[in-house]
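Numbering (the working numbering), first residue to last: 779 to 1108.
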C-alpha cells in the first residue's frame, strides 16, 4: 500500500501524541499505525495484542509510530467512530480496529477505506458484505469455538448434571457466539438446568454485582460461565466474597494473565486460553504485507486450549505471551 503522507503530509501541521516515546512527526518511511481498542477492560488481552504487534514489527526491522486509543467501554460506538475520524485526520497508514461491535464498525470502516487506510478488524471473523466497508483482514479467535470447548469442560466437570448460569457481555455478535457455543454443548445434557443471566457490558464490576444477585435468586447453582475475562473475574470475585469458591465453579473466557492468577489463587475455575500473541503477530504481518502491496488472506483465526486450576500450563502460557511478556513484565 502506498504511503498516504505523500498526499496528506502538508495538512498535518500539529504534533501527534504517540505511544512508546516516539517522535511527534515521523520520517516519511516510517509506518504510521493507529491501534484502537474497544474498552479499558481489565482484561490484559488488548495490551498483549498491542505489544505482540510491536514486538513482531521490531523483529522484522520495521520503523513505525503508533497512536494507541481506546473508548471507555464496548458500548461507546459513537466514541470509537470519533476516534476513527481523528486518526484519518492525522494521516495514519494503517489501523488495527478493535471494533466495539460488528455493525457499529461499518461507518468508520467506510471512512477508512475512502481515505485509503489499510485496516485490520480485530475480534471478528466475518468480512463485511459491503465492499466499501470491508477491511483488508479480519483477525480473531473463533468466539463460538471458545464457547464450545468451555461447554465441554463444564459438562465434564459436572458429570452431565447440575445447574448452570451464563452471564452475557455487550449485546451483539461476540457475546452471543461465546454464549451459544457454550449452550449448544450444555443443552445436550438433559440433566443440566440452564439460567440465562443479564448483559454485563463485559464489565467486571457489573459482573460482580450480577453474580451477587444470581446467587441470591438461584442458591443451588453449580457453575457460572462468564463470556469474557472481565465477566469471569467478576464472577470469581463475587463467589470468593460469598465463600462459595469451593462450591460453585466459575469460568471466564480468554485465559488471560489475570485469569491464570485467579486460577492459581483458587477463585476462578477455568477458561479457554487463546494463543493471544499469535494474533498480534498476525496484525503486524498484515500491515507489513500491505506496505509491500501484497495480498493478505481475508480471515485469520487462532487456536484455543482449555485450562483450569489443575492445569500445568506454564509452557503453554509462555508461548502464548512470548512477545508481550517481556514488554509487560508478566
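Glycine residues also receive a C-beta, built at the ideal position from the N, C-alpha and C atoms.
* Asked: Does DSSP put residue 971 in a helix, in a strand, or in coil?
  -> strand
* Asked: Quick one: is the Cβ of residue 1007 within less than 8 Å of any heavy atom of the ligand FAD?
  -> Of the ligands one can find in the structure shown there are none, so the ligand FAD has no counterpart to examine.
* Quick one: complete alpha helix (DSSP H) runs, 4+ long, within the region 870-944? -> Within the region 870-944, complete alpha helix (DSSP H) segments of at least 4 residues are found at 884-892 and 921-936, given in chain order.
* Does the distance from the C-beta atom of residue 1004 to that of residue 1013 stay below 9 Å? -> yes
* **Strand pairing of residue 1048, partner residues [DSSP]** => 1029 and 1086
* To do: Taking all protein chains shown into account, decide if residue 801 is buried (16 or more other Cβ within 10 angstroms of its Cβ) or exposed.
  => In this predicted model, residue 801 has a pLDDT of only 34, less than 50, meaning its place in the structure is not dependable; the value taken from the coordinates is given anyway. Under this definition residue 801 is an exposed residue.
* Where residue 1107 sits in the DSSP three-state scheme -> coil
* To do: Name the one or two DSSP bridge partners that residue 1109 has.
  => Given that the chain is displayed from residue 779 to residue 1108, the structure contains no residue 1109 and the question cannot be resolved.
* To do: Examine the Cβ distances between the region 917-929 and the region 1079-1089 and report whether three or more of them are shorter than 8 Å.
  => yes
* Give the straight-line distance between the Cα atoms of residue 908 and residue 1001, rounded to the nearest whole angstrom. => 41 Å
* **Proximal residues to residue 805 (C-beta, below 6 Å), its chain only, five neighbours per side dropped** => Model confidence at residue 805 stands at a pLDDT of 47, short of 50, so the residue's coordinates are unreliable; what they give is reported in the following sentence. Cβ neighbours of residue 805 beyond the five flanking positions: none.
* When the distance is taken between beta carbons, is residue 991 closer than 9 Å to residue 1020? -> no
* **Among 917, 836 and 980, nearest to residue 953 - alpha-carbon criterion** => Checking every option, the nearest Cα to that of residue 953 belongs to 980.
* Within the same chain, show all residues whose beta-carbon is closer than 7 Å to that of residue 939, passing over the 5 residues directly before and after it, in chain order. => Around residue 939: 969 and 970.
* Comparing alpha-carbon positions, which option in 829, 815, 813 and 807 lies nearest residue 1107? -> 829
* Measure how close the beta-carbons of residue 959 and residue 929 come, nearest whole angstrom, since I'm counting them as under 8 Å. => 7 Å
* To do: Name the two residues that bound the continuous beta strand (DSSP E) containing residue 846.
  => 842-848
* Note down, in chain order, each residue of its chain lying with its Cβ closer than 8 Å to the Cβ of residue 799, except the 5 sequence neighbours on either side. => Note that residue 799 has pLDDT 34, beneath the 50 cutoff, so the model's placement of it is unreliable and no number is given.
* So, are the CB atoms of residue 897 and residue 872 less than 9 Å apart? -> yes
* According to DSSP, is residue 748 helix, strand or coil? -> Because residue 748 is not part of the residues shown, which for the chain are 779 to 1108, the question remains open.
* To do: Out of 927, 934 and 1026, point me to the one whose CA is closest to residue 956's CA.
  => 927
* Output the distance between the C-alpha atoms of residue 825 and residue 1040, rounded to the nearest integer angstrom. => 19 Å
* Asked: Excluding five sequence neighbours on each side, which residues of the same chain lie with their C-beta closer than 6 Å to the C-beta of residue 912?
  -> 905 and 906
* From the DSSP output, which residues share a beta bridge with residue 741? -> The requested residue 741 is not part of the displayed model; the chain covers only 779 to 1108.
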